[in-house]
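Report on one structure; see the data block that follows.
Number of protein chains: 2
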Amino acid sequence: MTTVSTPVSQPLLDRLRAALGADSVLVDPDVTDGYRRDMMPLAPDGAPQAVVFPRNTEEVQEVVRTCAAHGVPIVPRGAGSGLSGAANATEGCVVLVTTRMNAILEIDADNRLAVVEPGVVNLDLRGAVEKHGLFYPPDPSSYDWCTIGGNLSTNAGGLCCVKYGVTSDSVLGLHVVLADGELLKTGRRTVKGVAGYDLTKLFVGSEGTLGVITQATLALRPLPQAPATTVAAFGTTADAGTAVTRIVREGIVPSLMEIMDAAAVEAVETYLKTELGAGRGAAALLICQSDSGGEAARRELAAIEQVCLDSGADLAYTTDDPAEGRLLLAARRAVLPALELYGAWLTDDVCVPRTRIAELIAGCARIGDEVGLRIVVCGHAGDGNMHPTIVYDRDSTDELARARRAFDDVLGLGLALGGTITGEHAVGKVKREWLVRELGPVGLRTHRAIKTALDPTNLFNPGSMFALE
Amino acid sequence: MTTVSTPVSQPLLDRLRAALGADSVLVDPDVTDGYRRDMMPLAPDGAPQAVVFPRNTEEVQEVVRTCAAHGVPIVPRGAGSGLSGAANATEGCVVLVTTRMNAILEIDADNRLAVVEPGVVNLDLRGAVEKHGLFYPPDPSSYDWCTIGGNLSTNAGGLCCVKYGVTSDSVLGLHVVLADGELLKTGRRTVKGVAGYDLTKLFVGSEGTLGVITQATLALRPLPQAPATTVAAFGTTADAGTAVTRIVREGIVPSLMEIMDAAAVEAVETYLKTELGAGRGAAALLICQSDSGGEAARRELAAIEQVCLDSGADLAYTTDDPAEGRLLLAARRAVLPALELYGAWLTDDVCVPRTRIAELIAGCARIGDEVGLRIVVCGHAGDGNMHPTIVYDRDSTDELARARRAFDDVLGLGLALGGTITGEHAVGKVKREWLVRELGPVGLRTHRAIKTALDPTNLFNPGSMFALE
Chain A
1 MTTVSTPVSQ PLLDRLRAAL GADSVLVDPD VTDGYRRDMM PLAPDGAPQA
51 VVFPRNTEEV QEVVRTCAAH GVPIVPRGAG SGLSGAANAT EGCVVLVTTR
101 MNAILEIDAD NRLAVVEPGV VNLDLRGAVE KHGLFYPPDP SSYDWCTIGG
151 NLSTNAGGLC CVKYGVTSDS VLGLHVVLAD GELLKTGRRT VKGVAGYDLT
201 KLFVGSEGTL GVITQATLAL RPLPQAPATT VAAFGTTADA GTAVTRIVRE
251 GIVPSLMEIM DAAAVEAVET YLKTELGAGR GAAALLICQS DSGGEAARRE
301 LAAIEQVCLD SGADLAYTTD DPAEGRLLLA ARRAVLPALE LYGAWLTDDV
351 CVPRTRIAEL IAGCARIGDE VGLRIVVCGH AGDGNMHPTI VYDRDSTDEL
401 ARARRAFDDV LGLGLALGGT ITGEHAVGKV KREWLVRELG PVGLRTHRAI
451 KTALDPTNLF NPGSMFALE
Chain B
1 MTTVSTPVSQ PLLDRLRAAL GADSVLVDPD VTDGYRRDMM PLAPDGAPQA
51 VVFPRNTEEV QEVVRTCAAH GVPIVPRGAG SGLSGAANAT EGCVVLVTTR
101 MNAILEIDAD NRLAVVEPGV VNLDLRGAVE KHGLFYPPDP SSYDWCTIGG
151 NLSTNAGGLC CVKYGVTSDS VLGLHVVLAD GELLKTGRRT VKGVAGYDLT
201 KLFVGSEGTL GVITQATLAL RPLPQAPATT VAAFGTTADA GTAVTRIVRE
251 GIVPSLMEIM DAAAVEAVET YLKTELGAGR GAAALLICQS DSGGEAARRE
301 LAAIEQVCLD SGADLAYTTD DPAEGRLLLA ARRAVLPALE LYGAWLTDDV
351 CVPRTRIAEL IAGCARIGDE VGLRIVVCGH AGDGNMHPTI VYDRDSTDEL
401 ARARRAFDDV LGLGLALGGT ITGEHAVGKV KREWLVRELG PVGLRTHRAI
451 KTALDPTNLF NPGSMFALE
């Protein structure tokens, strides 16, 4: 937190209040400080001069025009559940919070689509479409409080991706307020369409740097069957990695395939006061589900169970009890809160080719030893997207520094294994330097050219993803 | 064809010959005329001053630098199977043909990906990966001769899309030579990744207007089971449309769902000298497949058969004989060649919400009556992507004019039904004015801003998709 007082432009605030109403423009630092940061402890932040809560597209346009006229940057923000600092405020900016734009405008069951505002909470959308027998797949860990707008901005993933893809695979079209305040409508309501550049997918994952999304048309899928679940415990992470490779190689597509290392299992068992059935000495637990239903699910999971045993699993069992499946998933989702038993956590997000998962886990153990901190690994084994999570003492600047070193070493390891520095959390304000390493000079130049073309004054989320110079 | 002689720049040709070798630079108009056009009769074309055949990325870079230095535009081209004029030459341009870059560089079965050059023929890739038990889904009608580069540039679809999506859903990363000759590498080899803007999907479907794709990393799927097939014949197209809507609504996802109207069935039966079993008086034939295998396929197709009968089908039957399924598909794919029995054809490519298919077919019949030409409708009912095809006498300028009118009226109808002017064939040089109508002024301006940012001198495929001014 800075001790310098944040510059405030009274004419800007006056115009924002005139457009949105005084109750939609917050300036009290005790309140606005709550909007400085998302959930990533390492990213820089600043004090916003105002936090605004527009209720509709027209109000967003007015905020954009006002901020553009005053040369004040805008940081778009949903629920603040992000893990990259993409929604962190910059000093003196206006934070534009979309949570009041939370209407589900339409569910067209016959064409399997929904039209929503960005502030809709992921879980609320899932529940609403489920009533129509439909399914919105993207399910980031924070799905019970994150917003669709944040999911769109980071191109969020989740546990579903191995079978159903990431957020951009479920987006048909967007409304976006551009830097000049004009409203751009991208995409369409049809399943297919190639009229023009794919602007929809350019804006998805652009981390609020190109415009403010005010509406999205989302593709829905048929609601799958209640899943059956297979759990397998391995004595070595290498064996677990072999099992993942073989499952992929055999052409089995589970609806979920999660991995937890021994430390993750231990933390969750302590936190939830339950046993996950991995047994003593297990180095890794693999949780797989199939939502194909009936005989197809039984066949898929029997094949997975056999592959696990063939790859050296100490035990493997399958259940078609949905309650048991839910408990196992709840355990997997409890890894991060469970780590708070030990201290603060810092979660990474590398994605590697699926054949390299075991090497990544082994490398993380080595990095943990080197920095003297616990690194817990869990992740989406089915697509190689792993979340090595570093535990540190939040009151120790030395431990924080070592955590940062481990964080960077994990990114370097991910790149060395042919992976990427972020599978689903985004670059934000914490991995900008790493993005340059991944993209190279031509890629960075291309990014800057697009940003400058669409946002010539760097109005939107400046300094997120990459710096303009 | 123009009667003015095409301007030729000798220094340009000399430098191209020095870089590529004389046998890779064709200038004889008798030969280069064969590279003026793709398969769309209505799009404008021009005479290229040279047609070049680079063998690798470095040679593409040299062509780009040379043309940029001489201010001569480049029109990238694959096999020329396109249906939008996107690959049509402009007067005095250099046509860059990618067919000599036809190596499959890598098949990584464990990570389910392939790395290919753009000139690889779609069918060759399908065959090569099938040997590894893998599947490359995109299957445009021209799959036995179109190239992956053309598929990427138009974001091609095919019969597979209802279950497996379009080309962009199978692309992980690209190598692209930019307007300054630099090589941009987009994307990654991992399944997921959100590091930076989704440049991969920006270039896919950009119709060669932003750069030349010289390599692609493609995601593969497990090879599905041999499909079983259901055919249903309907007395009215409205009933067929109802069946499609109900199939979608019931959450059934066939691996293929094609529709042919009576005129399409008649043409194919005459052409192939066989009966498709629709019976006399059938107004529409629906062909559905499931590749889920065994019991799952039987369950899906039994449900589809029942929905068809409930929706008023006169007959419906299911076969799990792969040979019979292949024959039916071959019949569906034979619609366009079959139409040559009647004259020249001009195929449209509108995509409408799946609930509006029957209205589209009825509207096409009305348009056919109005212009006095036969309009045959077939298409990908599962995703609403329809190909109304106009038959005309190629020697009659009056019929060509009426065909053009019908072509435009179908586009207007598609937009009026909430659809798009192109589901999979691209805008090219034939639907530029329609793109403006679909995008609106803000969308068009955004397209121009991106094009100008990446290709400031309008080097690549000028006048395709949209005009810069």
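If you read the protein sequences in the order shown, they are chains A and B.
Position one of the first sequence corresponds to residue 1 (full-length UniProt numbering), numbered consecutively onward.
Position one of the second sequence corresponds to residue 1 (full-length UniProt numbering), numbered consecutively onward.
Yeah, the Cβ is synthetic: ideal placement off N, Cα and C, and Gly gets one too.
The stretch 196-206 of chain A makes no contact with the stretch 231-239 of chain A, as fewer than three CB pairs between them are under 8 Å. Counting only the Cα atoms, A278/A lies some 49 Å from Y197/A. Secondary structure at Y35/A: helix, using DSSP grouped into helix, strand and coil. Residue environment analysis places G440/A among the exposed positions, since fewer than 16 neighbouring C-beta atoms fall within 10 angstroms of its C-beta.
Counting along the chain, no beta strand (DSSP E) covers E117/B, and no H or E run does either.
Separation of V307/B and V248/B (C-alpha to C-alpha, rounded to the nearest whole angstrom) is 10 Å. For F407/B, the enclosing alpha helix (DSSP H) starts and ends at 397-416. Just so you know, the alpha carbons of V191/B and D314/A end up roughly 29 Å apart. Neighbours of S24/B across chain A, judged by C-beta separation under 8 Å, do not exist; the nearest C-beta is about 26 Å away.
Interface annotation, T245/A: in contact with chain B, CB-CB separation under 8 Å. Around the beta carbon of Q49/A, 16 or more other beta carbons sit within 10 angstroms, so the residue counts as buried. Contact of N155/A with chain B is assigned, a C-beta pair being separated by under 8 Å.
About 6 Å separates the beta carbon of G85/B from that of D38/B, a gap short enough to meet the 8 Å contact definition.
Looking at the DSSP output, Y317/B sits in a beta bridge with V231/B. When DSSP reads this structure, L174/B sits in a beta bridge with T186/B, A216/B. With fewer than 16 neighbouring CB atoms inside 10 Å of its own CB, A22/A falls in the exposed class. Within the stretch 275-330 of chain A, the runs of alpha helix (DSSP H) that reach at least 4 residues and sit entirely inside it are, in chain order, 294-310. Annotation: P227/A to A240/A spans about 22 Å, alpha carbon to alpha carbon.
Relative to D291/B, the option among L223/B, T270/B, A79/B, R356/B whose CA is nearest is L223/B.
Bridge partners of F460/B according to DSSP: I74/B. The beta carbon of K429/B sits no closer than 8 Å to any beta carbon of chain A. In terms of CA proximity to D455/A, G181/A leads the group Y143/A, G181/A, D110/A, A47/A. In the three-state reduction of the DSSP assignment, I148/A falls in the helix class, which pools H, G and I. DSSP places H380/A in the strand class (E or B) of the three-state scheme. Per DSSP, reduced to three states, the secondary structure at P11/A is helical. Apart from the 5 residues on each side of it in sequence, L42/A sits with its Cβ closer than 7 Å to the Cβ of L346, R404, F407, V430 in its chain, given in chain order. Using a Cβ-Cβ cut-off of 8 Å, Y342/B does not count as an interface residue toward chain A, since no Cβ of chain A sits closer than that to its own.
Within the stretch 187-200 of chain B, those residues whose Cβ lies closer than 8 Å to any Cβ of chain A are, in chain order, R188, R189, T190, V191, K192, G193, V194, A195, G196, Y197, D198, L199. Using a Cβ-Cβ distance cut-off of 8 Å, the stretch 444-459 of chain B and the stretch 417-434 of chain B are not in contact, since fewer than three pairs of beta carbons, one from each stretch, lie closer than that value. With its beta carbon less than 8 Å from one in chain B, M465/A belongs to the interface. Contacts between P222/A and chain B, judged by CB atoms closer than 7 Å, involve G251, V253 in chain order. The distance from the Cβ of E207/B to that of N461/B is about 6 Å, consistent with a contact at the 8 Å cut-off. In summary, the residues of the stretch 127-145 of chain A whose CB is separated from some CB of chain B by less than 7 Å are G133, in the order they occur in the chain. Looking at the DSSP output, N385/B shares a beta bridge with C351/B, H380/B. For A109/B, at least one C-beta of chain A is nearer than 8 Å to its own C-beta.
Where L96/B is concerned, the enclosing beta strand (DSSP E) starts and stops at 94-97.
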